[in-house]
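**Student:** Numbered according to our numbering, the sequence shown spans residues 5 to 240.
Beta carbons: idealized from backbone N, C-alpha and C, even for Gly.
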Amino acid sequence: RVLELAEEGEKPFLLCQSNKVGEKYRSPWTNNLHPGGEPDPTDSDEIRLFETKMNHVWDAYKNLYYGHDSIGSVYLFPTDKGSFQGFFGIQKKCSSGSWNSMHLVHVDTPEENMCNYRVESTIMMAIEPETNAKATTKFDISALLSKEVTKNAKVQPSMVGSSHIENIGQLIEAIEIDLRSAIERVHVPKTQEIMEGIQKEEEKSFRPPVNPLMGMILQSDLLKKKLAKENSPSRL
Numbered sequence: 005r006v007l008e009l010a011e012e013g014e015k016p017f018l019l020c021q022s023n024k025v026g027e028k029y030r031s032p033w034t035n036n037l038h039p040g041g042e043p044d045p046t047d048s049d050e051i052r053l054f055e056t057k058m059n060h061v062w063d064a065y066k067n068l069y070y071g072h073d074s075i076g077s078v079y080l081f082p083t084d085k086g087s088f089q090g091f092f093g094i095q096k097k098c099s100s101g102s103w104n105s106m107h108l109v110h111v112d113t114p115e116e117n118m119c120n121y122r123v124e125s126t127i128m129m130a131i132e133p134e135t136n137a138k139a140t141t142k143f144d145i146s147a148l149l150s151k152e153v154t155k156n157a158k159v160q161p162s163m164v165g166s167s168h169i170e171n172i173g174q175l176i177e178a179i180e181i182d183l184r185s186a187i188e189r190v191h192v193p194k195t196q197e198i199m200e201g202i203q204k205e206e207e208k209s210f211r212p213p214v215n216p217l218m219g220m221i222l223q224s225d226l227l228k229k230k231l232a233k234e235n236s237p238s239r240l
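#1: Would you call Thr-34 buried or exposed, if buried means 16 or more other Cβ atoms sit within 10 Å of its Cβ?
#2: Touch check for the segment 125–133 and the segment 80–90: three-plus C-beta pairs under 8 Å?
#3: Mind reading off the beta-carbon distance from Ile-179 to Ser-125? Whole number of angstroms is fine, and I expect it under 8 Å.
#4: Along the chain, where does the alpha helix (DSSP H) that runs through Ile-51 open and close?
#5: Check each candidate in Leu-68, Ser-105 and Cys-98 and name the one with the smallest Cα separation from Val-241.
#6: Cutting at 6 Å between CB atoms, please list the residues of its own chain near His-110, excluding the five before and the five after it.
#7: What's the call for Leu-222, buried or exposed, on a 16-neighbour Cβ count within 10 Å?
#8: Measuring only the C-alpha atoms, how far is Lys-24 from Leu-183?
#9: Between the C-alpha atoms of Phe-54 and Ala-186, what's the straight-line distance to the nearest angstrom?
#10: Using C-beta distances below 6 Å, list every residue in its chain close to His-107, excluding the 5 sequence neighbours before and after it, in chain order.
#11: On a Cα-Cα basis, can you pick out the residue from Lys-57, Lys-28, Pro-32 and Ile-181 that is closest to Pro-16?
#12: Just to check my reading of the structure: Met-129 and Lys-158 have Cβ atoms closer than 8 Å, yes? What is that Cβ distance to the nearest angstrom?
Right, here's the structure in full:
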């Protein structure tokens, strides 16, 4: 879920277990609890400052890949071992579907200028493509993919925070590219193939159109090329 507030300094943020405090939710932008707006008394200054930096970087990332109408949030919390864990989430919605990506990041304490990172990622997509007006069968396309990656990476002793931001960012970006590619090149074309078979007797010329969500999020070159080839003058 998403909470949108008109208060000064606030931006829309995701509601999840990682920012739930009792029956309220903590904003990553102001550290205030909502509803109510009072500051969270349990949060540490150090982790809070680092979380703010992470959110600004994450905001730029989600704008680049998912557009300014998407919502992204980062929530960090310390661990017993002196390091931290974090939730990185993005939600994208449009009239015909939704996209949710969630990453739980575990960061160990750096040793000898090296740090171990473990990222557990889940992506959920659901769209309801517009079909030909003559088609009688309604359908949706949905996918849920998960991936876990562990990596040791260098950290600069004088710039540990910046090293964490860079290393985590590169890991998440690579995971999302891999999962988006799997959806674009495997799951969507396979679903299209199945639906064409179902609709064959009903209407042989049926082709599910490229959905706006796929164009915005997945940049589906594979489907665009296929549709362009099918609609070329040489095929008429």
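**Tutor:** To lay it out plainly:
#1: buried
#2: no
#3: 5 Å
#4: 49–70
#5: The question about residue 241 has no answer, for the chain in this structure spans 5 to 240.
#6: Gln-89 and Arg-122
#7: Here Leu-222 scores only 46 on pLDDT, less than 50, and its place in the model is too uncertain to base an answer on.
#8: Cα to Cα, Lys-24 sits roughly 28 Å from Leu-183.
#9: 33 Å
#10: Hits under 6 Å: Phe-92, Val-123, Ser-125 and Ile-176.
#11: The option with the nearest alpha carbon to Pro-16 is Pro-32.
#12: With 8 Å as the limit, Met-129 and Lys-158 do not qualify as a contact, their Cβ atoms being about 34 Å apart.
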